[in-house]
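So the protein sequences, as listed, match chains A and Z.
Going left to right, the first sequence walks through residues 4 to 212 as my numbering numbers them.
Going left to right, the second sequence walks through residues 4 to 212 as my numbering numbers them.
Backbone N, C-alpha and C define an ideal beta-carbon position, used for all residues, glycine too.
There are 2 protein chains.
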Amino acid sequence: MAPRSRSNPLALAVLALLFERPMHPYELAATMRERRKEESIKLNFGTLYSVVQSLEKRELVRVKEVVREGRRPERTIYEITEAGKLELQDWLSELVSVPVREYTGFEAGLSLLPVLEPGVAVRLLEERRARLEQGLAQAEAAWGMAVKDGLPRLLMIEAEYVVVLRRAELEWVGGLVEEIRGGSLDGLEMWREWHRRIGDGLPMEAGEG
Amino acid sequence: MAPRSRSNPLALAVLALLFERPMHPYELAATMRERRKEESIKLNFGTLYSVVQSLEKRELVRVKEVVREGRRPERTIYEITEAGKLELQDWLSELVSVPVREYTGFEAGLSLLPVLEPGVAVRLLEERRARLEQGLAQAEAAWGMAVKDGLPRLLMIEAEYVVVLRRAELEWVGGLVEEIRGGSLDGLEMWREWHRRIGDGLPMEAGEG
DNA sequence: GCGACGATACTCGAAGCCGAGTATTCGAGG
DNA sequence: CCTCGAATACTCGGCTTCGAGTATCGTCGC
Numbered sequence: 004m005a006p007r008s009r010s011n012p013l014a015l016a017v018l019a020l021l022f023e024r025p026m027h028p029y030e031l032a033a034t035m036r037e038r039r040k041e042e043s044i045k046l047n048f049g050t051l052y053s054v055v056q057s058l059e060k061r062e063l064v065r066v067k068e069v070v071r072e073g074r075r076p077e078r079t080i081y082e083i084t085e086a087g088k089l090e091l092q093d094w095l096s097e098l099v100s101v102p103v104r105e106y107t108g109f110e111a112g113l114s115l116l117p118v119l120e121p122g123v124a125v126r127l128l129e130e131r132r133a134r135l136e137q138g139l140a141q142a143e144a145a146w147g148m149a150v151k152d153g154l155p156r157l158l159m160i161e162a163e164y165v166v167v168l169r170r171a172e173l174e175w176v177g178g179l180v181e182e183i184r185g186g187s188l189d190g191l192e193m194w195r196e197w198h199r200r201i202g203d204g205l206p207m208e209a210g211e212g
Numbered sequence: 004m005a006p007r008s009r010s011n012p013l014a015l016a017v018l019a020l021l022f023e024r025p026m027h028p029y030e031l032a033a034t035m036r037e038r039r040k041e042e043s044i045k046l047n048f049g050t051l052y053s054v055v056q057s058l059e060k061r062e063l064v065r066v067k068e069v070v071r072e073g074r075r076p077e078r079t080i081y082e083i084t085e086a087g088k089l090e091l092q093d094w095l096s097e098l099v100s101v102p103v104r105e106y107t108g109f110e111a112g113l114s115l116l117p118v119l120e121p122g123v124a125v126r127l128l129e130e131r132r133a134r135l136e137q138g139l140a141q142a143e144a145a146w147g148m149a150v151k152d153g154l155p156r157l158l159m160i161e162a163e164y165v166v167v168l169r170r171a172e173l174e175w176v177g178g179l180v181e182e183i184r185g186g187s188l189d190g191l192e193m194w195r196e197w198h199r200r201i202g203d204g205l206p207m208e209a210g211e212g
């Protein structure tokens, strides 16, 4: 199998758009922006061109024509191939049906939380809580606007998903803060003890087992 | 600022481990495995070595000594610098306190969901629901085992977070399936109509606005 | 009629990341 | 004693991604 061939969802978005009609790369980017797809699929111009090239090499898209208006740069218009249509359906099906563990920055942070002093950690978690609340309020306002504009829910379903996850995170972070503050988190005393030792200039010892 | 310097949390894990004591790269990887950090921070050997090198170039770590036992390959032992300790605290603080929008595969899939036929989409979402349920059961079993083994919650906090998010996702996906099945999802009729047209060989038209 | 500005349409070098490969040692089993 | 697999410790080529740069065209005010 081609290496990392399904690693970048931007390629999937390209296939999906070319499934509608042939376009040139810049138009792909512009269309993604219009439809707010850049909010759920990372878009970077430099990457877009190499992604399209790689799709071409794999014969999932092909050049339809190269046109030039006036003395502007050439526009290379691509179209999807039959193999591309199959890949589109197959890849999209996989993304929807198979949950994969993805790595987030916050999860990484949590897994190293003991490195921070407990007091510092609580303060930072509270900051996060506040920012999440703020972000949710904004997201909900934007969502309300879109509904009023008559945008059907089907076309904003990904935004809804993100909001649901964010809300779950907000509640969990709130609970965690309470538990540390209240002293009921299992392992808290050990945590404080490590940092007392670090404060005394002693080396930190591994805390597993 | 150094380019992309805070893009890979693996570098943060390296700093955190070297904060405890000096190690050589292979040992860093082995320790991450032992402590189950590879579940929350992506670990790849090839990447590890270049990440350590990049930290060295930025003077956040430095070579402590190069030793060789018997005729094995040399082991280069690194230690953290003062600048490295500062970077560790600062970066970790940022990860904990600032929520950032990260892109997941499922979100990308959802945002392109209309490309699939409604019937197919429901089937795939149900598959996901089932897999999420299964994964959650496994995760909870593993969690129970760890608790019995006396591992304090503080050291599994990241796993708890993941489980909470997964459960929220499970419920939401379940609800979405119901809504499509029950026909109450706003935009469903339009969705069916598009696919009727595609079936008739007509070009798909943009569905925004 | 000219100068600033944003949109159009890509290009390119540097850096990052992946994953398979290399070479050695150790211990267990037959 | 010999082999086989797991563990040790890294190396390397090639693809991917980033982000800033280039160059032209339309247009709007002044």
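- Not a single C-beta of chain Z is nearer than 8 Å to the C-beta of K67 of chain A.
- For I160 of chain A, the chain Z residues whose C-beta falls within less than 8 Å of its own C-beta are L113, S114, L116, L179, listed in chain order.
- Three or more pairs of CB atoms, one per stretch, sit closer than 8 Å, so the segment 6 to 17 of chain A contacts the segment 45 to 54 of chain A.
- DSSP places Y164 of chain A within a helical segment (H, G or I) once states are collapsed to three.
- Boundaries of the alpha helix (DSSP H) around K151 of chain Z: 121 to 151.
- According to the DSSP assignment, V70 of chain Z belongs to no alpha helix (DSSP H) but to the beta strand (DSSP E) extending over 64 to 70.
- When secondary structure is reduced to three states using DSSP, I183 of chain A falls in the helix class.
- Residue nearest to V123 of chain Z within the set A:S96, A:A133, A:V54, A:E163 is A:S96 (criterion: CA-CA distance).
- In this structure, the straight-line span from the alpha carbon of L157 of chain Z to that of P117 of chain A is close to 8 Å.
- CA-to-CA, the gap between L20 of chain Z and R169 of chain A works out to about 30 Å.
- Within chain Z, the C-beta atoms nearer than 7 Å to that of W194 of chain A come from L157, in chain order.
- For S100 of chain Z, the chain A residues whose Cβ falls inside 7 Å of its Cβ are L127, E130, R131, in order along the chain.
- For Y106 of chain A, the closest Cβ of chain Z is nearer than 8 Å.
- V64 of chain A and Y81 of chain A do touch by the CB rule: their CB atoms are close to 5 Å apart, below 8 Å.
- Listed in chain order, the non-local C-beta contacts of G190 of chain Z below 6 Å within the same chain number zero, local neighbours out to five positions each way being set aside.
- Taken in chain order, the complete alpha helix (DSSP H) segments of 4 residues or longer contained in the segment 10 to 83 of chain A are 12 to 23, 28 to 37, 48 to 60.
- Beta-carbon to beta-carbon, V103 of chain Z and G108 of chain A are separated by about 6 Å, close enough to satisfy the 8 Å threshold.
- The residue among A:A111, A:D203, A:M148 with its C-alpha nearest the C-alpha of K40 of chain Z is A:A111.
- In the DSSP assignment, L98 of chain Z falls within the alpha helix (DSSP H) that extends over 85 to 100.
- Contact annotation: T79 of chain A and V66 of chain A have beta-carbon atoms nearer than 8 Å.
- Distance check between S57 of chain A and each of A:G178, A:P28, A:E130, A:V165 places A:P28 closest, using alpha-carbon atoms only.
- For E143 of chain A against V166 of chain A, the beta-carbon gap comes to about 7 Å, under 8 Å, which counts as contact.
- Under the three-state reduction of DSSP, G190 of chain Z is assigned to coil, being neither helix nor strand.
- Excluding sequence positions up to five before and after L173 of chain A, its CB lies within less than 6 Å of the CB of L135, all in the same chain and listed in chain order.
- Considering only beta carbons, the part of the segment 12 to 25 of chain Z lying closer than 8 Å to chain A consists of P12, L15, A16, A19, F22, E23, R24, in chain order.
- Counting the other Cβ atoms within 10 Å of the Cβ of L89 of chain A gives fewer than 16, which makes it exposed.
- Excluding residues up to 5 positions away in sequence, R65, V66, Y81 lie with their Cβ nearer than 8 Å to the Cβ of E59 of chain A in the same chain.
- For A111 of chain A, the enclosing alpha helix (DSSP H) covers residues 108 to 114.
- Around the beta-carbon of S187 of chain Z, fewer than 16 other beta-carbon atoms lie within 10 Å, marking it exposed.
- Taking the Cα positions, R24 of chain A is about 52 Å away from G147 of chain Z.
- Scanning its chain for C-beta atoms nearer than 8 Å, with the 5 sequence neighbours on each side dropped, one finds around L127 of chain A the residues L119, in chain order.
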